[in-house]
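Student: I have a structure I would like to understand better, so I am pasting it below and will then ask my questions one at a time.
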Amino acid sequence: MTTDTSAAAALAAAAPGPDVDLFSQEFAADPFPVFDRLRRSAPVHHDPVTRLWLVSRDEDVRRVLLDPTTYRNDNALGSVLPLRLPALRILDRAGFKTLPPALFNNSTESHPVLRGPVLRLFGAQRVRAALPMIERVTHEELDLMEAELDATGRHDFARGPARTIPVRVMLELLGVPEAARADIATVADWTDAFIGLFWGRTDKDRQRELAVQVADFYTWLCELAARPDAPEDSLLGALAKVRMPDGSPVPPDVAVAVCSNLMVAGHVTTSQMISTAVHRALETEGQWRALGRDPGLAEGWTEETLRREPSLTAWRRITSRPVTLGGVDLPEGAELLLLFTSAGTDPEAHEEPLRICPMRAEGRAHLGFGLGRHRCPGAELARAEGRVVLGAAAARFPGLRLASADRPPFLELVSFRAPTRLDVTHTPTRTA
Ligand code: HEM
1233 MTTDTSAAAA LAAAAPGPDV DLFSQEFAAD PFPVFDRLRR SAPVHHDPVT
1283 RLWLVSRDED VRRVLLDPTT YRNDNALGSV LPLRLPALRI LDRAGFKTLP
1333 PALFNNSTES HPVLRGPVLR LFGAQRVRAA LPMIERVTHE ELDLMEAELD
1383 ATGRHDFARG PARTIPVRVM LELLGVPEAA RADIATVADW TDAFIGLFWG
1433 RTDKDRQREL AVQVADFYTW LCELAARPDA PEDSLLGALA KVRMPDGSPV
1483 PPDVAVAVCS NLMVAGHVTT SQMISTAVHR ALETEGQWRA LGRDPGLAEG
1533 WTEETLRREP SLTAWRRITS RPVTLGGVDL PEGAELLLLF TSAGTDPEAH
1583 EEPLRICPMR AEGRAHLGFG LGRHRCPGAE LARAEGRVVL GAAAARFPGL
1633 RLASADRPPF LELVSFRAPT RLDVTHTPTR TA
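Counting in the numbering used here, the sequence shown runs from 1233 upward without gaps.
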C-alpha cells in the first residue's frame, strides 16, 4: 500500500480546526472540550504531529468501522511517532521487527481464520463458565488490598486489583501452563511498556527502557508459542489446528502476534476500564455505596464507562482509495484516528452525553468495543470483569474513599486513557 503524502499534506495545510496535543496531560485528563470543538468545527481534522486525520463524530466513526475495505486496519499497530535507533536496535536484537498481520492489523483473508478460535475462546458461554474463576481471582486480589489498607491505611487501586485481576484472568483463559507463567507484575509491566513505546511520546532514554521490556515480553511470547504442552482447549491448542488460507499451518510469528494482541488487549484495556469506573464511582456522591447495595448497578456503570471514557480511546485506519469523509476529501493512504471517546460523547448520538447514567436507554449501543468486522471479541469478558470487580469491591469496602480530592494523573497515550494512580483509603462502616 502506498501513501500519497503530497496530496495528504496539501489537504492538511488547508484544513481548519483547533490545535490538539494528543499527548498532553491536560488533554488526557479532560479531552471533552477539545472533542466538542473538533466535532463542531473540524470533524475530520489533520493533526500535524502524528499526521493522523482525527475523526470525531459518531456518525463518521461508524461509517469507517462498517467499511473495512475502504478503511483498512493495516496501520493499527505501528508506532504512532517514529522510534529512535537505540530502541529499534534493542527490538531488533530480540528478533522483534514488526508484528505480522494477525487481528488488529489484518485486513487480509487470514483475518477470519485467525479470529475464529479467539471468538470461540472468549464467547458468552466460555465467559459464563469462567465466572467462578473471575470471582475467585477478584476476591484473592481484594484480600491483598484489604491487608494493605489494614496495615498502611492506603492502597493504590490502579496498581492493585485493577491491574492484577485482568492479567491473572487472561493467563487462565489463554491456558498458559503454570510452568510458563511469568510473574503477574512483570507481565503487567511488559504490556504497559508495549503501549507506552508504541502509542506514547517518549525521549530516547525512556524509549530504550521501554524497548528492553518489550523485547523481554516478545521473547516470553515466542517461548510460549513454541511450547509443545499447550492444552487442546487453549488458544495455542486451537491455533495449532487452524489452517491459513493457503492450507499451511499458522506460522510461528503469526501465533506470537495473536498471543501478543490478546495479552495486550486483554489486559491493559480492562485494567484501565476498571480504574476509570472506580475513579468515577468514588468521586460521584453516593454512587459507590449504591454500587455496593445493588449488584445490578455495576453492569450499567461499566457500560457508561465504556461509552463516555472508553479505555481504548481511539484507533487507527488507513484509506485504500480516495474517499470523502465528513465533507473532507481524503487521498488513498490517508491515516485516520477514530476518536471513540468523542463519538461516545457526541450530543447527536447521546442525550446529555457527559452525564453518567447507568440506566441509559441505548445501553450497549456505544462504540467502546468498536463495530463490524474487527469488533472486540473480548467484550463479554471485559464486561464480566467490570461487573464482578466493581460489584465485589463496592460491597466489601463500602467506606472506600479517594485519598485526595486532587485529579489523579492520567496516561498520556494516543489510544489509551485511564488514571495511572488511584490512592484510596477505607473507613469501615456498618452496612444497613
Ligand atoms: C474494556 C476492555 C476492552 C475494550 C475497551 C476493548 C476495545 C476494543 C475495540 C474498540 C476494538 C476494535 C478495534 C478495531 O476496530 O480495530 C477491539 C478489538 C479487539 N479486542 Fe478488545 N477491548 C477490551 C477488552 C478486550 C479483551 C478482554 C480482549 C481479549 C480477550 C480483547 C481482545 C481484542 C482483540 C483480539 C481485538 C481485535 C479483533 C479483530 O481485529 O478482529 N479486548 N477491542
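Ideal placement from N, C-alpha and C gives every residue a C-beta, glycine not left out.
What is the DSSP secondary structure of A1462, counted as helix, strand or coil?
Tutor: Of the three classes helix, strand and coil, the one that applies to A1462 here is coil, per DSSP.
Student: Is the region 1416 to 1430 in contact with the region 1388 to 1403, if contact means three or more CB pairs nearer than 8 Å?
Tutor: The answer is yes - the region 1388 to 1403 touches the region 1416 to 1430, with three or more Cβ pairs under 8 Å.
Student: Taking 8 Å as the cut-off, is the C-beta of V1350 nearer than that to any heavy atom in the ligand HEM?
Tutor: V1350: yes, Cβ under 8 Å from the ligand HEM.
Student: The ligand HEM and G1498: does any heavy atom of the ligand fall closer than 8 Å to the residue's C-beta?
Tutor: True, at least one ligand heavy atom lies under 8 Å from that Cβ.
Student: Can you give me the start and stop residues for the beta strand (DSSP E) that I1550 sits inside?
Tutor: Residues A1546 to T1551.
Student: Drop a sphere of 10 angstroms on the beta-carbon of S1273, count the other beta-carbons inside from all chains shown, and report buried for 16 or more, exposed for fewer.
Tutor: Exposed: under 16 other Cβ atoms inside 10 Å.
Student: For a test of the three-state rule: what should DSSP assign to E1567, helix, strand or coil?
Tutor: Note: E1567 maps to strand in three-state DSSP.
Student: Under DSSP, the alpha helix (DSSP H) around L1634 begins and ends at which residues?
Tutor: Careful: L1634 lies outside any alpha helix (DSSP H), inside the beta strand (DSSP E) at L1632 to L1634.
Student: For a test of the three-state rule: what should DSSP assign to H1278, helix, strand or coil?
Tutor: In the structure shown, H1278 sits in a strand (DSSP, three-state: E or B).
Student: From L1442 to E1612, what does the alpha carbon distance come to, in whole angstroms?
Tutor: L1442 and E1612: Cα-Cα distance of roughly 31 Å.
Student: What are the uninterrupted segments assigned as beta strand (DSSP E) that are 3 or more residues long and contained completely in the region 1340 to 1365, given in chain order?
Tutor: Taking only runs of at least 3 residues, no beta strand (DSSP E) segment lies wholly in the region 1340 to 1365.
Student: Looking at the C-beta of M1365, does it have a partner C-beta in chain B at a distance below 9 Å?
Tutor: This model lacks chain B altogether; it includes just one protein chain.
Student: Leaving out five residues before and five after D1388 in sequence, what residues of the same chain have Cβ atoms less than 7 Å from its Cβ?
Tutor: Contacts found: R1653, L1654 and D1655.
Student: Rounded to whole angstroms, what is the Cα-Cα separation between E1617 and H1278?
Tutor: Cα to Cα, E1617 sits roughly 36 Å from H1278.
Student: Please classify V1646: does DSSP put it in a helix, a strand, or coil?
Tutor: Coil at V1646, not helix or strand.
Student: By alpha-carbon positions, which one of G1428, T1384 and S1503 ends up nearest to S1311?
Tutor: The option with the nearest alpha carbon to S1311 is G1428.
Student: Could you tell me whether the region 1476 to 1489 touches the region 1448 to 1463, where touching means 3 or more Cβ pairs closer than 8 Å?
Tutor: The region 1476 to 1489 vs the region 1448 to 1463: in contact.
Student: Looking at L1570: is its Cβ nearer than 9 Å to the Cβ of V1252?
Tutor: The answer is no: Cβ separation not under 9 Å.
Student: Going by beta carbon distance, what residues of the same chain come within less than 7 Å of P1332, once the five residues before and after it are set aside?
Tutor: The answer, listed in chain order, is D1485, V1486 and A1489.
Student: Expressed to the nearest angstrom, what Euclidean distance is found between the alpha-carbon atoms of R1628 and P1660?
Tutor: Taking the straight line from one Cα to the other gives about 10 Å.
Student: Would you tell me roughly how many angstroms separate the C-alpha atoms of G1524 and G1518, rounded to the nearest one?
Tutor: Whole-angstrom Cα-Cα distance: 10 Å.
Student: For S1238 and N1305, what's the separation of their Cα atoms in angstroms?
Tutor: In this predicted model, S1238 has a pLDDT of only 48, less than 50, meaning its place in the structure is not dependable; the value taken from the coordinates is given anyway. S1238 and N1305: Cα-Cα distance of roughly 22 Å.
Student: Just checking F1430 against the ligand HEM - is the residue's beta carbon closer than 8 Å to any of the ligand's heavy atoms?
Tutor: False, no ligand heavy atom lies under 8 Å from that Cβ.
Student: Please state the DSSP three-state secondary structure of D1717.
Tutor: There is no way to answer for residue 1717, as the model of the chain reaches only from 1233 to 1664.
Student: Among E1464, P1579, L1298 and A1626, which has the Cα closest to the Cα of D1268?
Tutor: The candidate whose alpha carbon is nearest that of D1268 is P1579.
Student: Assuming V1496 and L1323 form a contact by the criterion Cβ under 8 Å, report the distance between their Cβ atoms to the nearest whole angstrom.
Tutor: With 8 Å as the limit, V1496 and L1323 do not qualify as a contact, their Cβ atoms being about 15 Å apart.
Student: With a threshold of 8 Å (Cβ to nearest heavy atom), would M1365 be considered close to the ligand HEM?
Tutor: Not so, every heavy atom of the ligand HEM lies at least 8 Å from the Cβ.
Student: I believe L1346 touches L1335 by the beta-carbon criterion, under 8 Å. Please report the beta-carbon distance rounded to the nearest angstrom.
Tutor: Between L1335 and L1346 the Cβ distance is about 6 Å, and since that is below 8 Å, they are a contact.
Student: In whole angstroms, what separates the C-alpha of H1183 from that of G1565?
Tutor: No answer is possible for residue 1183: the residues shown for the chain start at 1233 and end at 1664.
Student: When you compare each of R1295, F1328, P1609 and V1276 to F1426 by their alpha carbons, which one comes out closest?
Tutor: Considering only alpha carbons, the answer is F1328.
Student: Using the rule of at least 16 other Cβ atoms within 10 Å of the residue's Cβ for burial, across every protein chain shown, is A1530 buried or exposed?
Tutor: Result: buried.
Student: Given 8 Å as the limit, tell me if Q1504 has its C-beta closer than that to any heavy atom belonging to the ligand HEM.
Tutor: It does: the Cβ of Q1504 is within 8 Å (strictly closer) of some heavy atom of the ligand HEM.
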